[in-house]
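*Asks:* Adding 89 to a residue's 1-based position in the sequence shown gives its number in the working numbering.
For every residue, glycine included, the Cβ atom is placed at its ideal position computed from N, Cα and C.
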Amino acid sequence: MGFGSKSMGAFASVIVLVLGALIISSPSSADPILTGELMEEEGSTSILGGGDHFFVKYGEDAAFGIVWGNEQIENNVYFVAIKTRYLGISQVYDSDGNVLEEDHTLKVRTMYAVKLDSVVEFDDIDENGVLQYQRTYNEQESEFTTYGGPEPTLKKVDLSTAWTASKQQYSEDGGVRSWSFELTAANLSYTILDDNATEEVGDGILNNLTLTFHLEASMVHMENATLPQWRITVATGPLGATTLLYPERLDDLQIAGDVVKYEVKWDQEIDGWDFDPANENPMLLIEMHNIVGNWMSQLMMKWMDMRTLSHMNAVGVMNCESAEGTLEVNETTGVLPIVKELVATRLAFGSDWTRVGLLTWVDDAVVDGEPAEVKAQVMAGHRVLAAGEGATRFEGFVTLTGLSFPGGGVIVHDPTFSTDALVNIETERENRIPGILVLGMVAIVAIIAALLVTTIRRQRPKQGVKNGYERSRMSQPGEWEKYYNKKP
């Protein structure tokens, strides 16, 4: 497993898409099962800029975990979920009613990650707990750069550094596997962001930042799940070109499967920040990058030119709740002219029909031993696009979000990163996937998807389909190379 440090993503196997969805009808049908197939992977890595990592994997279907920098390779801390989303099953017919293919499954490999980017000191002039500012985004390098805005950003600590990991503590109870450990970074230097900021304050360093992790992984068996399917009718022209006549929704398939569940809760403790003496209302903001994207093969890149993923909304969006209502953020958002304060403590990532992941937090922290209010905000959403190895491509979006805390000597807070994947699917009838269609048939499905989803998007829920799960791919994933452009 490996990612390069200076470019993004390529998944070096053939990845294909189809319309449709996977919906679990009720979590009450879930029964815990053995977790013997969940494997640990740890040690040095080159993914997400390199360093060390700890992952929980289910074969080649899914990988969840944490990446961090070490003494050899400084890096940020990333929470990562890599999985294959099951986007549907179709029954394909010609215009005479002859079956061309039954139970044709097409999937897309997706990555969801949260990067702890920086800790920023600001002066909360309007005393609302939110930092009104903007950051420039370099799309070619896929990185946020300069700071600006009406409220002063005085200095920051870049969290791309060497982290020290503690020994892991492992336990298992009732089919749930748990791991606990800490990452610590000490004596972190400040970067001055405002010419009027005082350069020498206190001892001139952030003394300590500690992240205490509690990871849990489990599997449950689902019996009463349903998988929507479509009848697709196509016609072949005189030159062999295939055209869509119409799609038709069929009865849902009853399926059973195993759901791999993963979450990591962490306490982040900021100890010893030296606040500027001229800062009248000192606050700290932890900046986070939230990245969602898909790997595409050379074949899919032709679909990319048709913007099929955008038409299908398969790239996904980030859903959150601001004071003005539900807010969707993706690659088209850009820099928000006014930073949006969030009123719900969650960021939900998903597409029309599938769930990608979730970031949640509590709305209070402990500052110098006393309870304090935590504010959350969204600043921007931008496109992420890069060519990779093996004629592959990575496309998605990155959002800039933050959690702010009142200034203090010791600040403690605890967010949660979670996701899941459905594997080992069984249908009520024999699930035949003959794989007999020629490459032209794949292009047909792309056209169908673009046209069909234009219709079904009107019925899209605001925060994705609840209880939605994604099935992971059973074939080999190749090398996870060059994924998100990380620059120290």
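Using 8 Å as the Cβ pair cut-off and three pairs as the minimum, do the segment 169-180 and the segment 192-210 touch?
*Replies:* Judged by Cβ distances under 8 Å, the segment 169-180 makes contact with the segment 192-210, as three or more pairs qualify.
*Asks:* Reducing DSSP to helix, strand and coil, say where Gly125 ends up.
*Replies:* Looking at Gly125 - three-state DSSP - the assignment turns out to be coil, as it is neither helix nor strand.
*Asks:* Would you decide whether Ala324 is buried or exposed? Buried here means 16 or more other CB atoms lie within 10 Å of its CB.
*Replies:* Counting Cβ neighbours within 10 Å, Ala324 comes out exposed, since fewer than 16 surround it.
*Asks:* Taking the straight line between their C-alpha atoms, what separation do you get for Ile427 and Asp215?
*Replies:* Ile427 and Asp215: Cα-Cα distance of roughly 14 Å.
*Asks:* Which one of Glu129, Gly132, Asp150 has the shortest CA to CA distance from Asp509?
*Replies:* Selected option, being the one with the closest Cα: Asp150.
*Asks:* Under DSSP, the beta strand (DSSP E) around Gly263 begins and ends at which residues?
*Replies:* Gly263 -> no beta strand (DSSP E), and no H or E assigned at all.
*Asks:* Buried or exposed for Val188, going by 16 or more other Cβ atoms inside 10 Å?
*Replies:* Exposed.
*Asks:* Would you kindly work out how many angstroms separate the C-alpha atoms of Ser260 and Glu305, rounded to a whole number?
*Replies:* Looking at the two C-alpha atoms, the distance is approximately 10 Å.
*Asks:* Output the distance between the C-alpha atoms of Trp584 and Asp284, rounded to the nearest integer angstrom.
*Replies:* Since the first residue shown for the chain is 90 and the last is 577, residue 584 is missing from the structure and cannot be characterised.
*Asks:* Classify Arg338: buried if its beta carbon has 16 or more other beta carbons within 10 angstroms, exposed otherwise.
*Replies:* With fewer than 16 other Cβ atoms within 10 Å, it is exposed.
*Asks:* What three-state label does DSSP hand Ile281 in the structure shown?
*Replies:* Reduced to three states, the DSSP call for Ile281 is strand.
*Asks:* Can you list, in chain order, the residues of its chain with a C-beta nearer than 6 Å to that of Asp247? Leave out the 5 residues immediately preceding and following it.
*Replies:* So the qualifying residues of the chain are Ser207.
*Asks:* Using only alpha-carbon positions, find the residue among Tyr236, Glu126, Arg266, Gln318 that is nearest to Gln180.
*Replies:* Closest option to Gln180, Cα to Cα, is Gln318.
*Asks:* Restricting to Cα atoms, I'd like to know which of Tyr222, Asp457, Glu232, Gly423 is closest to Pro239.
*Replies:* Nearest of Tyr222, Asp457, Glu232, Gly423 to Pro239, Cα basis: Tyr222.
*Asks:* Quick check on the DSSP output: the beta strand (DSSP E) that includes Glu352 runs from which residue to which?
*Replies:* Its beta strand (DSSP E) spans residues 342-360.
*Asks:* Taking the straight line between their C-alpha atoms, what separation do you get for Glu380 and Thr280?
*Replies:* One detail in the question is off: residue 380 reads as Ile in this sequence, not Glu. Near 25 Å, if we compare the C-alpha coordinates of Thr280 and Ile380.
*Asks:* Could you tell me which residues DSSP puts in a beta bridge with Ser269?
*Replies:* Ser269 pairs with Gln258, His303.
*Asks:* Could you check what DSSP says for Leu137 in three-state terms: helix, strand or coil?
*Replies:* In the structure shown, Leu137 sits in a helix (DSSP, three-state: H, G or I).
*Asks:* What's the gap between the Cα of Glu228 and the Cα of Gly405?
*Replies:* The straight-line gap from Cα to Cα measures roughly 19 Å.
*Asks:* Look at the alpha carbon of Asn520 and the alpha carbon of Gln257, and state the distance between them as a whole number of angstroms.
*Replies:* A caution first: Asn520 carries a pLDDT of 40, below 50, which makes its placement in the model unreliable, though a value can still be read off. Spanning the two alpha carbons is a distance of roughly 42 Å.
*Asks:* With distances taken from CA atoms, which of Phe364, Val353, Thr421 is nearest Ser307?
*Replies:* That would be Val353, whose Cα lies nearest to the Cα of Ser307.
*Asks:* Just to confirm the assignment, what range does the beta strand (DSSP E) spanning Pro241 have?
*Replies:* First-last for Pro241: undefined, no H or E at that position.
*Asks:* Quick one: Cα of Ala454 to Cα of Val209, how far?
*Replies:* Approximately 17 Å between the Cα atoms of the pair.
*Asks:* Alpha carbon to alpha carbon, how far is Asn408 from Glu191? Give it in angstroms, no decimals.
*Replies:* Computed Cα separation, rounded: 35 Å.
*Asks:* According to DSSP, is Thr421 part of a helix, a strand, or is it coil?
*Replies:* Of the three classes helix, strand and coil, the one that applies to Thr421 here is coil, per DSSP.
*Asks:* Return the CA-CA distance between Gly138 and Asn164, expressed in angstroms with no decimal places.
*Replies:* For Gly138 and Asn164, the distance between alpha carbons rounds to 7 Å.
*Asks:* Considering only residues of the same chain and omitting the five flanking positions on each side of Trp347, which have a CB-CB separation below 6 Å?
*Replies:* Looking at the sequence shown, residue 347 is not Trp but Asp. Excluding positions up to five away in sequence, the list reads Met308, His310, Val512, Asn513.
*Asks:* Decide if Gln161 is buried, meaning its Cβ has at least 16 other Cβ atoms within 10 Å, or exposed.
*Replies:* Per the 10 Å Cβ criterion, exposed.
*Asks:* Can you round the beta-carbon distance between Gly423 and Ala469 to whole angstroms, since I take them to be within the 8 Å contact cut?
*Replies:* Going by Cβ atoms, the distance from Gly423 to Ala469 rounds to 7 Å, so yes, they are a contact pair.
*Asks:* Which residues mark the beginning and the end of the beta strand (DSSP E) in which Ile155 is found?
*Replies:* 151-157 is the span of the beta strand (DSSP E), which, as asked, contains Ile155.
*Asks:* Out of curiosity, what's the CA-to-CA distance linking Thr579 and Tyr226?
*Replies:* What the structure shows of the chain is the stretch from 90 to 577, and residue 579 is not part of that stretch, so it cannot be assessed.
*Asks:* Taking all protein chains shown into account, do 16 or more other C-beta atoms lie within 10 angstroms of the C-beta of Ala538, making it buried, or fewer, making it exposed?
*Replies:* Confidence is the limiting factor: at Ala538 the pLDDT is only 41, short of 50, which leaves the residue's position unreliable, though a coordinate-based value still follows. Per the 10 Å Cβ criterion, buried.
*Asks:* Since Gly158 contacts Trp252 with CB under 8 Å, what's their CB separation in whole angstroms?
*Replies:* Contact flag correct, Cβ pair sits at about 6 Å.
*Asks:* Determine the contact status of Ile436 and Thr505, defining contact as a CB-CB distance below 8 Å.
*Replies:* It is Leu, not Ile, that sits at residue 436 in the sequence shown. In this structure, Thr505 does not lie closer than 8 Å to Leu436 by Cβ.
*Asks:* Would Val156 and Gly132 be called neighbours here (beta carbons separated by less than 8 Å)?
*Replies:* No, the pair does not count as a contact, with Cβ atoms beyond the cut-off.
*Asks:* Cutting at 7 Å between CB atoms, please list the residues of its own chain near Tyr236, excluding the five before and the five after it.
*Replies:* So the list reads Tyr222, Arg224, Thr242, Leu282, once near-sequence residues are dropped.
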